[in-house]
Amino acid sequence: MCLSFWRWSTALALLALVGAPLAAPDAEDLTNRRSVVERQRADLRARIQTLQKELDTREAVRKEAADALKSSEVAISQTTRRLKELATQLKKARSELDELKKQIQRQQGLLAQRREELSDQLRRQYAGGLSPWAALLSGDDPQALSRHLAYLDYVSRARAKAVAELKIEIERLAQLEARLDIRQKEVARWVEETTQQRSLLETQKKERATVLARIEGQIQAQRSEAVRLGQDDQRLGGLIDSLGGQIQAAQQAERAAQMAEQAERAEEAKRAEQRRLAEEQKRNTLALQAQEERQIELARRAALEQERKESARAAEAASTPKSGEGLKKGLRWPLRGTLMARFGTNRPEGGIWRGVLIKASDGTPVAAVGGGTVVYSNWLRGFGNLLIVDHGEQYLSVYAYNQSLLKQVGDSVRAGDTLALAGSTGGQVDSALYFEIRHRGAALDPLTFLSR
């Protein structure tokens, strides 16, 4: 509504100027017209200042919102790591289920064999008519009768042993089936947990995208309005200048000189204000760079402190990658993608890039450029999910804007190990990896170390 009013007022003023007769207008009338336009311009500039304050406030809200994303983005990282752990557990459980099923099949086969052996014994005894009573009533020779009874006793013991073994095999089969039932229930529970975790991850991603879209849309709308109001201010300024020229032509030379002097003072004040705003912006940019440097330095100090605390891990097996060899030229890239920003170039929000920005799809694996120890793995304002690897000789590699962090502080890594999954955390809009190399705290151009 307010913006439409300014455009309507500006259009009326321009029509009044264009519709004026070609003859020299009255100086008083021109002065009155200029006063009206100047009041409109003053009101418009007040509106621009108010809008700029609102935009500054919105930028502050955006930073606060980016901080608020920390919990969501950290949760996404943890959920992804949990999904990978569940996948490993499911694979192991299913392998155990397969082995239990094989054991049950073998046990069932053995049980069938025992039953067949017992049935065969009973059939042979029955077919031969062997029994203690039949032997006693046969009237045979006592010695033959004794041998016959001894044989029957052996057959009876063998049958009892077969029955006992059959009972043991049945109990073993029951135990295996019970174990199979337990493992099946565990697998079902893990499958349900995996499904719930995956659903939670998708919900968190949608919430984060909604928050970012809302903040970016509000800021973009206010910036567009500021541009339009600035254009209206320029048009009013041109109209005022045109009216001023006509007034100068209509008035006496002394009055014209005085007006010119006043206009010059006003222009000088405007340039002074612009210079002041430029200096203020420069100070803000330097302050932002200093703040980022302090954050990196704090992270580096925390990493060194954590490294000292985790020094006991440095004595692991000889196959574990060792930290201390530094970084050499010809390193592998952390991931393959298009360079969006190079080291030393200007950043859109002010300052310069101290690393490189590599475009990557959401979830692309991020690899370590060299062997070392993870000394920082957490969310950091302005960098999102951040991971730092110490390569020894005071060389550090920095990986920022990650969707998820797959390594923790103290983990030893080799060149090529997957450290994280690329994303757009820390308030970023596009998915990419921000990568730095630092030596003794100073940022170096990563392209001089990475292979061509």
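Everything in the sequence shown is counted per the numbering used here, starting at -14 for the first residue and increasing by one.
Each residue gets a CB set at the ideal place from its N, CA and C atoms; glycine is no exception.
- Proximity of the segment 189 to 199 to the segment 23 to 32 falls short of the contact definition, fewer than three beta-carbon pairs being nearer than 8 Å.
- Ranking 248, 72, 229 and 235 by CA distance to the CA of residue 179 puts 72 first.
- Shown here for residue 211: same chain residues with a beta carbon closer than 6 Å to its own, the five before and five after excluded, namely 36 in chain order.
- At the C-beta level, residue 424 and residue 380 come within 7 Å of one another.
- Between the segment 363 to 373 and the segment 395 to 413 there are three or more inter-stretch CB-CB distances shorter than 8 Å, so the stretches are counted as touching.
- Look at residue 364 here: in three-state DSSP terms it is strand.
- Counting the other CB atoms within 10 Å of its CB gives residue 330 a total below 16, which places it among the exposed residues.
- DSSP places residue 377 in the uninterrupted beta strand (DSSP E) bounded by 369 to 377.
- Using a Cβ distance threshold of 7 Å, residue 349 and residue 320 count as a contacting pair.
- The residues 89, in chain order, have a CB closer than 7 Å to that of residue 162 in the same chain once the five nearest residues on each side in sequence are set aside.
- Residue environment analysis places residue 136 among the exposed positions, since fewer than 16 neighbouring C-beta atoms fall within 10 angstroms of its C-beta.
- In chain order, 179, 182, 183 and 186 place their CB closer than 8 Å to the CB of residue 68, counting only its own chain and leaving out the 5 sequence neighbours on each side.
- Inclusion of residue 99 and residue 154 in the CB contact set at 7 Å is warranted, their separation being smaller than that value.
- Taking the CA atoms as reference points, residue 164 sits about 13 Å from residue 87.
- Bridge pairing for residue 421: 383 [DSSP].
- Taking the Cα positions, residue 40 is about 10 Å away from residue 47.
- In terms of Cβ geometry, residue 420 and residue 340 form a close pair [threshold 7 Å].
- Three or more pairs of CB atoms, one per stretch, sit closer than 8 Å, so the segment 369 to 379 contacts the segment 395 to 409.
- DSSP, reduced to helix, strand and coil, places residue 170 within a helical segment of the structure shown.
- For residue 323, the three-state secondary structure derived from DSSP is coil.
- In this structure residue 15 is buried. Its beta-carbon is surrounded by 16 or more other beta-carbon atoms within 10 angstroms.
- Taking C-alpha positions only, residue 417 is separated from residue 328 by approximately 15 Å.
- Counting every other CB atom within 10 Å of its CB across the protein chains shown gives residue 323 a total below 16, marking it as exposed.
- Taking a 10 Å sphere around the C-beta of residue 17, we find fewer than 16 other C-beta atoms and assign the residue as exposed.
- The straight-line gap separating the alpha-carbon atoms of residue 347 and residue 78 is approximately 30 Å.
- C-alpha of residue 83 to C-alpha of residue 311: approximately 47 Å in a straight line.
- Under the DSSP assignment, residue 414 falls outside any beta strand (DSSP E); it carries neither an H nor an E label.
- Annotation for residue 337: no beta strand (DSSP E) segment contains it, and DSSP assigns it neither H nor E.
- Taking the Cβ atoms as the reference, residue 351 lies roughly 6 Å from residue 407, within the contact range of under 8 Å.
- Straight across, the Cα-Cα distance linking residue 314 with residue 344 is about 22 Å.
- Pairing residue 275 with residue 282, the inter-Cα distance amounts to about 10 Å.
- Annotated three-state conformation of residue 312 is coil, per DSSP.
- A Cβ-Cβ distance of about 11 Å is found for the pair residue 145 and residue 106, leaving them out of contact under the 8 Å criterion.
- Shown here for residue 230: not one same chain residue has a beta carbon closer than 7 Å to its own, the five before and five after excluded.
- DSSP places residue 391 outside any beta strand (DSSP E), giving it a letter other than H or E.
- In terms of CA proximity to residue 382, 318 leads the group 134, 318 and 62.
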